[in-house]
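Enquirer:
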Amino acid sequence: MFTQRNWLLVAVLWCVVIFGFTALPIFTGKNTGIVLEQFAHVPLRNLKSLNVLVRKTAHVVVYAVLALLLFFATGHRAVLSYGLATLYAASDEFHQIFVPGRTPAVQDVMLDSAAALIVILVLRRIRKRHRF
Numbered sequence: 001m002f003t004q005r006n007w008l009l010v011a012v013l014w015c016v017v018i019f020g021f022t023a024l025p026i027f028t029g030k031n032t033g034i035v036l037e038q039f040a041h042v043p044l045r046n047l048k049s050l051n052v053l054v055r056k057t058a059h060v061v062v063y064a065v066l067a068l069l070l071f072f073a074t075g076h077r078a079v080l081s082y083g084l085a086t087l088y089a090a091s092d093e094f095h096q097i098f099v100p101g102r103t104p105a106v107q108d109v110m111l112d113s114a115a116a117l118i119v120i121l122v123l124r125r126i127r128k129r130h131r132f
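Each residue of the sequence shown is one higher than the last, beginning at 1 in the UniProt record's numbering.
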């Protein structure tokens with residue numbers, strides 16, 4: 001069984017992964033578009049929309065996972081885990097200022113924060129029903 005300490009370790013490692021993705025210029029919107037165009041054979045007229053969808057879905061998944069990890073790492077403290085996930089999302093966007101080809105966006109912090117909130121609310125509801 002995972003202890004809070006183990007959950008915290010995994011959460012920190014996940015933050016390192018997020019930091020790594022942000023730090024690498026290869027993960028810019030332009031490069032994602034190139035990959036979609038080359039490997040998914042997406043027509044140019046659909047490329048921009050699909051690129052946005054892929055990138056925003058990645059934000060949701062990444063911060064949903066972070067929220068889940070933090071929820072267990074904090075001993076099911078919903079407000080704390082939500083606050084930490086949101087704070088990390090904001091710091092990640094700030095970090096993008098220093099990465100060539102990356103552009104920070106308040107909308108991304110809002111999306112990340114919403115993903116974290118939804119996961120935490122779902123986990124709280126499950127926890128109430130199943131008493132874990």
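Backbone N, C-alpha and C define an ideal beta-carbon position, used for all residues, glycine too.
The structure displayed is predicted, hence computed values, not measured ones.
Write down every uninterrupted run of the alpha helix (DSSP H) in the UniProt domain "VanZ-like" (8–124) whose length is 4 residues or greater and which is fully enclosed by it, in chain order.
Expert: Correct list: 29–39, 44–73 and 78–95.
Enquirer: Out of curiosity, what's the CA-to-CA distance linking A67 and V119?
Expert: Distance between the alpha carbons of A67 and V119 is about 7 Å.
Enquirer: Any contact between the segment 54–62 and the segment 107–124? By contact I mean 3 or more CB pairs, one from each, below 8 Å.
Expert: Flag = yes, the segment 54–62 and the segment 107–124 touch.
Enquirer: List the whole-angstrom C-beta distance separating N51 from T32, where the pair is believed to meet the contact cut-off of C-beta under 8 Å.
Expert: Right, their Cβ atoms sit about 5 Å apart.
Enquirer: In whole angstroms, give me the CA-to-CA distance for F98 and L123.
Expert: Distance between the alpha carbons of F98 and L123 is about 35 Å.
Enquirer: Just mark S49 as buried or exposed, buried being the case when its beta carbon has 16 or more other beta carbons within 10 Å.
Expert: When all chains shown are included, S49 counts as exposed.
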